[in-house]
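J.:
There are 2 protein chains.
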Amino acid sequence: MPHDHSELLHRVKTELPTDELLSDLSDLFKLFADSTRVKILYALFESEMCVCAIAELLGMTQSAISHQLRILKDANLVANRRAGKTVYYFLSDDHVRTIIAQGFEHLIEE
Amino acid sequence: MPHDHSELLHRVKTELPTDELLSDLSDLFKLFADSTRVKILYALFESEMCVCAIAELLGMTQSAISHQLRILKDANLVANRRAGKTVYYFLSDDHVRTIIAQGFEHLIEE
DNA sequence: CATTCATATGAATTACTGTTCATATGATAA
DNA sequence: TTATCATATGAACAGTAATTCATATGAATG
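Each protein sequence line maps, in turn, to chains A and B. Position 80 of the first sequence, counted from 1, bears residue number 96 in this note's numbering, the numbering being contiguous throughout. Position 110 of the second sequence, counted from 1, bears residue number 126 in this note's numbering, the numbering being contiguous throughout.
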């Protein structure tokens with residue numbers, strides 16, 4: 017007979033956030049789980065930038081950058097403004113800096 | 017002729033961490049980018065747990081949990097101890113709490 | 001030593017995701 | 001309006017990653 021954990025399970029279960037919240041949380045971290053997106057966000061820490069400047073900075077195609085910017089925008093991590101033909105992207109939320117900085121700290125404290 | 021960003025690019029480029037570091041950073045966030053792993057870590061916030069207890073808590077197979085625990089262990093986010101047949105896993109680093117808590121805060125401040 | 005429980009692991013499968021390519025949209029200038 | 005630049009987007013492709021299944025390892029117990 018397998019061993020019993022019902023007491024522990026009950027206690028831990030009551031402390032665990034809902035599945036939906038935990039799923040939202042992993043979805044949030046997914047945004048930072050790609051080096052292209054992290055690079056884009058890091059670049060935007062310095063200054064707003066247009067799509068082609070980001071593409072040039074990262075040495076990637078305009079299309080690839082555009083796709084990633086869409087993901088970041090859908091998640092409300094970045095926003096944009098249009099100036100003629102050019103579209104400038106910028107951080108829409110300063111919380112992003114904190115999250116990335118926290119990850120960074122973990123890395124250097126190894 | 018496409019427009020010029022050389023000044024901006026130069027400035028941003030000097031501020032950007034190396035590709036390797038940015039890649040390590042996204043690799044770190046990848047660990048939190050799966051809801052199963054986030055659930056496991058959250059559970060371990062409360063108490064160390066054996067593999068089968070985690071599997072039962074999350075309603076998943078022992079094998080699936082074992083595979084994920086290996087990923088977390090390889091990344092030094094969890095460690096384990098053996099007690100007879102049972103292997104208990106626990107957080108090896110309290111930094112994990114901070115990173116997850118930061119993500120959580122972002123979610124609720126929406 | 002054979003059996004059982006707990007865990008680990010390799011291979012296969014399936015689902016997802018990032019990039020590319022081709023093309024569309026949108027804006028400006030000639 | 002036509003041409004050009006900047007960006008967006010859909011489809012296809014390729015690589016990745018999570019789960020399952022079968023099985024192996026490792027420890028305790030009879």
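All C-beta atoms, glycine included, are put in the ideal place defined by N, C-alpha and C.
Report the neighbours of A:T114 on chain B: residues whose CB is nearer than 7 Å to its CB, in chain order.
T.: Within chain B, the residues near A:T114 are Q118.
J.: In chain order, what residues of the same chain lie with their CB nearer than 7 Å to the CB of A:V112, ignoring the 5 residues before and after it?
T.: Cβ within range, chain order: L57 and L93.
J.: Below 8 Å, how does it come out for the stretch 105-122 of chain A and the stretch 58-65 of chain A: are there three or more Cβ pairs, yes or no?
T.: yes
J.: One question on the structure: do B:H26 and A:A69 come within less than 7 Å of each other, judged by their Cβ atoms?
T.: At the C-beta level, B:H26 and A:A69 stay beyond 7 Å of one another.
J.: In terms of residue numbering, what span does the alpha helix (DSSP H) encompassing B:A59 cover?
T.: Unbroken alpha helix (DSSP H) run through B:A59: S51 to E62.
J.: Would you give the residue range spanned by the alpha helix (DSSP H) that A:D45 belongs to?
T.: Here residue 45 of chain A is Phe; the residue named in the question, Asp, does not match the sequence. It spans D35 to L47 - the alpha helix (DSSP H) in which A:F45 sits, taken as one unbroken run.
J.: In three-state terms, what does DSSP make of B:A117?
T.: helix
J.: Do you know offhand how far B:D109's Cα is from B:Q84's?
T.: 17 Å
J.: Is A:T77 helix, strand or coil when you go by DSSP?
T.: coil
J.: Mind checking which residues open and close the alpha helix (DSSP H) that includes B:L93?
T.: Annotation for B:L93: no alpha helix (DSSP H) segment contains it, and DSSP assigns it neither H nor E.
J.: Measure how close the beta-carbons of B:Y105 and B:E64 come, nearest whole angstrom, since I'm counting them as under 8 Å.
T.: About 6 Å separates the two Cβ atoms, so the contact holds.
J.: Just checking: is the beta-carbon of B:L32 within a distance shorter than 7 Å of some beta-carbon in chain A?
T.: yes
J.: Can you tell me the Cβ-Cβ gap for A:V28 and B:L74, rounded? I've got them flagged as a contact below 8 Å.
T.: About 10 Å separates the two Cβ atoms, so there is no contact after all.
J.: Quick check: A:I81 and A:A71, are their CB atoms within less than 7 Å of each other?
T.: yes
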